[in-house]
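Novice: The opening residue of the sequence shown carries number -10 in our numbering; numbering runs sequentially from there.
Where is the CB? At the ideal position from N, CA and C, for every residue including glycine.
Take this structure first; my questions come after.
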Amino acid sequence: MESRARVFAEEAIRALGRLDAATARTSISLAFDADHKIDALADAVYLACSEIEEQNRVTTSTWNTLADAVDPELVSVVEATRT
-10 MESRARVFAE EAIRALGRLD AATARTSISL AFDADHKIDA LADAVYLACS
40 EIEEQNRVTT STWNTLADAV DPELVSVVEA TRT
């Protein structure tokens, strides 16, 4: 993953932990612009944002999907951020 994309992806994941869907969407969009190979991660973040808006939480299964979609160096960010 490009370093610029990684910074934005990390912020998107942390925003999900804060239940901040708007920031997560903006950050993952910027990450995707920097590296189009993160499409699975972007899809997982958008799914989590939908859950936040509908249920005010991110489900365990979506966190698991997110962990599966990230590069190995970002798994620790997902695990540290899970709510």
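(1) Specify whether the segment 14 to 30 and the segment 45 to 52 touch according to this definition: at least 3 beta carbon pairs, one from each stretch, less than 8 Å apart.
(2) For Val34 and Ala1, which I take to be in contact (beta-carbon distance under 8 Å), what is that distance rounded to the nearest angstrom?
(3) Would a C-beta distance cut-off of 8 Å place Leu55 and Ala69 closer than the cut-off?
(4) Can you tell me the Cα-Cα spacing of Asn45 and Arg71, whole angstroms?
(5) Could you give the DSSP three-state label for Asp24: helix, strand or coil?
Specialist: In brief:
(1) Because the criterion of three Cβ pairs below 8 Å is not met, the segment 14 to 30 and the segment 45 to 52 do not touch.
(2) What you label residue 34 is simply residue 45 of the sequence shown in a count that begins at 1. What you label residue 1 is simply residue 12 of the sequence shown in a count that begins at 1. Yes, they are in contact, since the Cβ atoms of Val34 and Ala1 sit about 5 Å apart, within 8 Å.
(3) For the purposes of this step, residue 55 is taken as residue 66 along the sequence shown, with counting starting at 1. For the purposes of this step, residue 69 is taken as residue 80 along the sequence shown, with counting starting at 1. The answer is no: Cβ separation not under 8 Å.
(4) On the sequence shown, position 56 is the one that residue 45 refers to. On the sequence shown, position 82 is the one that residue 71 refers to. Taking the straight line joining both Cα atoms gives about 14 Å.
(5) Your numbering for residue 24 matches position 35 in the sequence shown. Reduced to three states, the DSSP call for Asp24 is coil.
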